[in-house]
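Enquirer: Let me begin by handing over the structure; questions about it come next.
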Amino acid sequence: MLVSWRYRERKSSFIQSFDPRAWVIFYLCFLFSTLFFWDVRFLLPFMLMALFTLLTSGVKWHEIRRAFLFIGAFITFFAILTFLTGRGGQEVYTQEHLIRQFVAPFSILGWTPTLDVTVERSFFAVSQFVRVFSIAVMTILIPYSLNPAHYGITFKGLGMSDKIAYAMDLTMRFIPTFGRDFQLTMDAQRARGYELEKVSGGLIEQVRRLGPVIVPVTIHAIIGSEDIIDAMDLRAFGVGPRTWLVQLTYKLRDRILIAVGCLVLFVSVVLAFSGLGGFWVPPELIELVK
Amino acid sequence: MSNIALSVKNLRFRYRDRVGAALHGVSFTAAKGELLLIAGASGCGKTTLIRAINGLIPRSYKGEVEGQILINGQDVASLPLSRISQMVGTVLQDPERQILGTRVINEVAFGLENMGLPREEILERVDEALATLHIPHLRERETFLLSGGEKQKVALAGVLAMRPSILLLDEPLASLDPASAVETLDIVRQLADEGLTVLMVEHRVEDVLRIRPDRVLYMKDGAISYLGNVDGLVNVVDTSEIKLPAEMIIERERGAPPRAEIRFVSRRAGDGESASAPLVQFENVGFGYDPETAVLKDVAISIQKGDVIAVLGPNGAGKTTFVKHAIGLLKPKSGRVLVNGRDTREASVAEIASTLGYVFQSPSHMLFAPTVREELAFGPKNLKHKPDAIEAQVRESLETVNLADKEQDPPLSLSFGQQKRVSIAAILAMRSKILVMDEPTAGQDYKNYMNFMDAILQMPGFEAILFITHDIDLAAIYANRVILVADGRIQADGRPEQVLADKELLRRCRVIPTSLLDANLARLRLTGRFMRAEALANV
């Protein structure tokens, strides 16, 4: 059985005061607009927008703590990795200005590990963090704010066919269902003395030893989808155009939100095509380290 | 106008990937408003017959079909599945496999939305179906938070809202507590009385006989072995295969030579051993999955050497949460749980598993190995047992659950009932001191589960056994201690003869006395203990 995200109605929530279609359109505009920029000055308003949405969402910290810690750690890890290797930003800057160099007091096969702390690397790591963090905050809020009973009609309202809209509805609910099945399988195998933490060996051996978890979860997902197809067939799905029980209607505030979203996207496109919003570092800082 | 709602003529079917035929020339008719009970052991072809009638065979389940099925005079072979589904409503054994909607109202409306009915009519029909099943209060609830009984009723409401002329119920009582099962059966009787043709596949024959099915169709090896009224059934079936009312069995066995009584291994502490050191101890345990809802409240209980405990209680009472604390999968929010004197907070689940083996409700969450043999060896290997010991443990466990011939088969290719037995054998092979089983009989036919319960109770290795069940007869026959759980609290804990004799207590815990319990209570002064129906015949 498909389970849903931990959604609940929150009276004071800013996100939930909008039609879900309007919010999805705004979210997409926000997402694509953010992707146009590497300039931290341009990205900061997006981060403020995301933080405003988070703080007015009515979602409690204990509800999203796990998701935030996981994604926060993920983003931080990759920002630090990019900073240490200096690889991620090579497409957006060509020249680097060294602040300080750290050289390891040892060599490995003639290679001496060296960390170059440059102005560009530092600012790229900050930009990358702000950019991804803004998108992550807005994305994490979706499952907590969109009523699962409205998934299908939301996608239908965005112009998709009945079948695709319902498939999207099922897909949205597949993720938490997969999480539940994974946890149940882990519990069942731990009760047989299996310890995931102690899986060791080479890569192939490690994957093989994950079999007790991967196989049941995969088989469950396949059987589950067959059950869903049977259950849909047994209740006349796909006979013809379907009636959607839930009706969504745009209010003035929804139209304003869509307009704001489109405006943000339009301005972002114009700025990007005007050559603004690319990677930026303060010129004063470069002067300082020269 | 014909009174025949369903006509099955010489139906044969063989699944594409199996050797033998699942159905051999099945023929019968069902009249409008008839309630037909379909009974038989696992693998006799009951579910295949249901799939053929609702059109999933051959559309979803491929194979060779012969014969004809007419629904209200129309041949189903010529109809699309979507059209059949408007005439034939199907409720599956596990409502979890059927429910699609996130909220009850969306779930019940799903079929009607697909039929493209006007919104007003959908709402009217949804409310009507919810009212018929006495569940209007569930209308806005989220489906995945419902109890098992509520889910079953919601699944039924979703089908009834489409106003089919035939209703197929495939073991609808399998996951229900006794009170929910009685409520569901009463509704089924009411629907048949209102003119709906109902075909009900069910292992719990005794329960269904309460609502007076018009006829019984008894299947064996893919063919009809008996089709007729209820009274004639007792003369043709093997009572070890079908659970019949106790008085029927007592009557039939009276005068027959007494059967040898199965003696279970005594697990009580010997004279020289300490009877006071509990194997598992719950000290004022409190738990909730979220801060607002308490699932366990102040549970204080201990499991001693020699205990064979049956845990009874309604769906959603906290029984599974209770046993998950014993193996350390859940940690108490307040109080503590000690296993062999050690706090479960300080031990890993894998460490506790060597003391306490836990059989999960659903086998599909644990089976992964290419053969049954490897599946059974997995646990003992993790617990670092010696190879020759593993060999012996695997063999003995397979024999206990009657699957010795499936040793080299992939567990995932077996039927649900067989998979369940593999999951039990996998824990038996670990030779833990304490065996805990969560609904071991769910999805099993009567003969199989009685056989493996007999075998498990005769195994000498366990110091204590605990099983969660909805089957009161199982508690009466096998347990020496019954724990009643309701509303997250222990409501009663004692010998079966004490706890199960309190009718008011049972009613409060949604436990309905069975005919075997009544028969035992009536003879308790003579017997001094609970017995099987066959044994009561000689009292």
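Protein sequences appear in the order of chains A and B.
No gaps in the numbering here: position 45 of the first sequence is 144 in the working numbering, and each next residue is one more.
No gaps in the numbering here: position 273 of the second sequence is 746 in the working numbering, and each next residue is one more.
All residues carry an ideal CB built from backbone N, CA and C; glycine is no exception.
Give the DSSP-derived three-state secondary structure of A/Gln44 in the structure shown.
Expert: The question about residue 44 of chain A has no answer, for chain A in this structure spans 100 to 389.
Enquirer: Counting only Cβ-Cβ distances shorter than 9 Å, please list the residues of the region 563-591 of chain B near chain A, keeping chain order.
Expert: Listed in sequence order: Thr563, Leu565, Asp567, Pro568, Glu569, Arg570, Gln571, Ile572, Leu573, Gly574, Thr575, Arg576, Ile578, Asn579, Ala582, Phe583, Gly584, Leu585, Glu586, Asn587, Met588, Gly589, Leu590, Pro591.
Enquirer: Just curious, the beta strand (DSSP E) that B/Ser807 is in, first and last residue?
Expert: 807-812 is the span of the beta strand (DSSP E), which, as asked, contains B/Ser807.
Enquirer: Below 8 Å on the Cβ atoms is my guess for A/Tyr265 versus A/Ala121; work out the distance and round it to an integer in Å.
Expert: Their Cβ separation, rounded to whole angstroms, is 21 Å, which puts A/Tyr265 and A/Ala121 out of contact at 8 Å.
Enquirer: Please state whether DSSP places B/Gly830 in a helix, a strand or coil.
Expert: If DSSP states are grouped into helix, strand and coil, B/Gly830 belongs with the strands.
Enquirer: Using CA atoms only, rank isn't needed, just tell me which of A/Leu197, A/Phe228, A/Val225, A/Ile252 is closest to A/Val216.
Expert: Ranking the options by Cα distance to A/Val216, first place goes to A/Leu197.
Enquirer: At least one CB of chain B closer than 8 Å to the CB of A/Ser244: is that the case?
Expert: With 8 Å as the cut-off, A/Ser244 does not count as an interface residue toward chain B.
Enquirer: Return no unless some Cβ of chain A is closer than 8 Å to the Cβ of B/Phe833.
Expert: Yes, B/Phe833 lies at the interface with chain A (some Cβ there is under 8 Å from its Cβ).
Enquirer: Taking only beta carbons into account, state which residues of the region 205-231 of chain A come closer than 7 Å to chain B, listed in chain order.
Expert: Going along the region 205-231 of chain A in chain order, one finds no residue with a Cβ nearer than 7 Å to chain B.
Enquirer: Indicate whether B/Lys716 and B/Tyr919 have their beta-carbon atoms separated by less than 8 Å.
Expert: Yes.
Enquirer: Report, in whole angstroms, the separation of the C-beta atoms of B/Ser807 and B/Gly759, which I expect to be a contact under 8 Å.
Expert: Yes, B/Ser807 and B/Gly759 are in contact; Cβ-Cβ is about 4 Å, under 8 Å.
Enquirer: Could you name the residues of the same chain whose beta carbon sits closer than 8 Å to that of A/Leu150, not counting the 5 residues immediately before and after it, in chain order?
Expert: Answer for A/Leu150: Val236, listed in chain order.
Enquirer: Where does the unbroken beta strand (DSSP E) through B/Tyr699 begin, and where does it stop?
Expert: Here the beta strand (DSSP E) through B/Tyr699 covers 696-701.
Enquirer: I'd like the span of the beta strand (DSSP E) that includes A/Gln189, first residue to last.
Expert: Careful: A/Gln189 lies outside any beta strand (DSSP E) and carries neither H nor E.
Enquirer: Secondary structure at B/Met910, three-state DSSP: helix, strand or coil?
Expert: Looking at B/Met910 - three-state DSSP - the assignment turns out to be strand.
Enquirer: Would you verify that the beta carbon of A/Glu294 is, or is not, closer than 8 Å to some beta carbon of chain B?
Expert: Yes, A/Glu294 lies at the interface with chain B (some Cβ there is under 8 Å from its Cβ).
Enquirer: Locate the alpha helix (DSSP H) running through B/Phe755, then write down its first and last residues.
Expert: Here B/Phe755 belongs to no alpha helix (DSSP H); instead the beta strand (DSSP E) covers 753-760.
Enquirer: Chain A beta carbons: is any one of them nearer than 8 Å to that of B/Ser515?
Expert: No, no contact with chain A.
Enquirer: Can you pull the DSSP bridge partners for B/Gln541?
Expert: DSSP output for B/Gln541 lists B/Lys482 as bridge partner(s).
Enquirer: Please decide whether A/Thr284 counts as near chain E, where near means a Cβ-Cβ distance under 8 Å.
Expert: Absent here is chain E; the protein component of the structure consists of chains A and B.
Enquirer: Give the DSSP bridge partners of B/Gly967, in chain order.
Expert: Partner(s): B/Val955.
Enquirer: Leaving aside the five residues before and after B/Leu603 along the sequence, list all residues of the same chain whose C-beta is less than 8 Å from its C-beta, in chain order.
Expert: Result list for B/Leu603: Val577, Val581, Pro609, Leu611, Arg612, Ala630, in chain order.
Enquirer: Determine the chain B residues that contact A/Met331 at a beta-carbon separation under 9 Å, and present them in chain order.
Expert: Chain B residues near A/Met331: Leu573, Phe583, Asn587.
Enquirer: What are the residues in the region 860-889 of chain B lying within 7 Å of chain A by C-beta distance?
Expert: Per Cβ criterion, the list reads Leu885.
Enquirer: Give the DSSP-derived three-state secondary structure of B/Arg688 in the structure shown.
Expert: Here B/Arg688 sits in strand by DSSP.
Enquirer: Applying the 10 Å Cβ sphere with the 16-neighbour rule, what's the burial state of B/Tyr762?
Expert: Result: exposed.
Enquirer: Determine the direct distance from the alpha carbon of B/Glu912 to that of B/Leu672, and round the result to whole angstroms.
Expert: Approximately 26 Å between the Cα atoms of the pair.
Enquirer: The alpha helix (DSSP H) that contains B/Phe940, what's its start and end?
Expert: It is not in any alpha helix (DSSP H) - B/Phe940 instead sits in the beta strand (DSSP E) that spans 937-941.
Enquirer: CB A/Ser367 to CB A/Phe135, shorter than 8 Å?
Expert: Cβ distance < 8 Å, so A/Ser367 and A/Phe135 count as in contact.
Enquirer: For the pair the region 941-960 of chain B and the region 969-976 of chain B, tell me if three or more CB-CB distances fall below 8 Å.
Expert: The region 941-960 of chain B vs the region 969-976 of chain B: in contact.
Enquirer: In chain order, which continuous runs of the beta strand (DSSP E) of length 3 or greater are located wholly inside the region 520-593 of chain B?
Expert: Fully enclosed beta strand (DSSP E) runs of 3 or longer: 536-544, 561-564.
Enquirer: Closer than 8 Å, Cβ to any Cβ of chain A: which residues of the region 631-643 of chain B, in chain order?
Expert: Under the 8 Å Cβ criterion, the region 631-643 of chain B contributes Gly631, Val632, Met635.
Enquirer: Rounded to whole angstroms, what's the CA-CA distance from A/Phe145 to A/Leu356? Just pull it up for me.
Expert: In a straight line, the C-alpha of A/Phe145 is about 15 Å away from that of A/Leu356.
Enquirer: Under a three-way DSSP split, which group does B/Ala729 fall into?
Expert: B/Ala729: coil per DSSP, three-state reduction.
Enquirer: What does a CB cutoff of less than 7 Å around B/Pro884 pick up in its chain, not counting 5 residues either side in sequence?
Expert: Cβ neighbours of B/Pro884 beyond the five flanking positions: Leu840, Ala842, Val845, Glu848, Gln892, Val895.
Enquirer: Just to confirm, is the Cβ distance from B/Ala949 to B/Phe1003 under 8 Å?
Expert: Cβ distance < 8 Å, so B/Ala949 and B/Phe1003 count as in contact.
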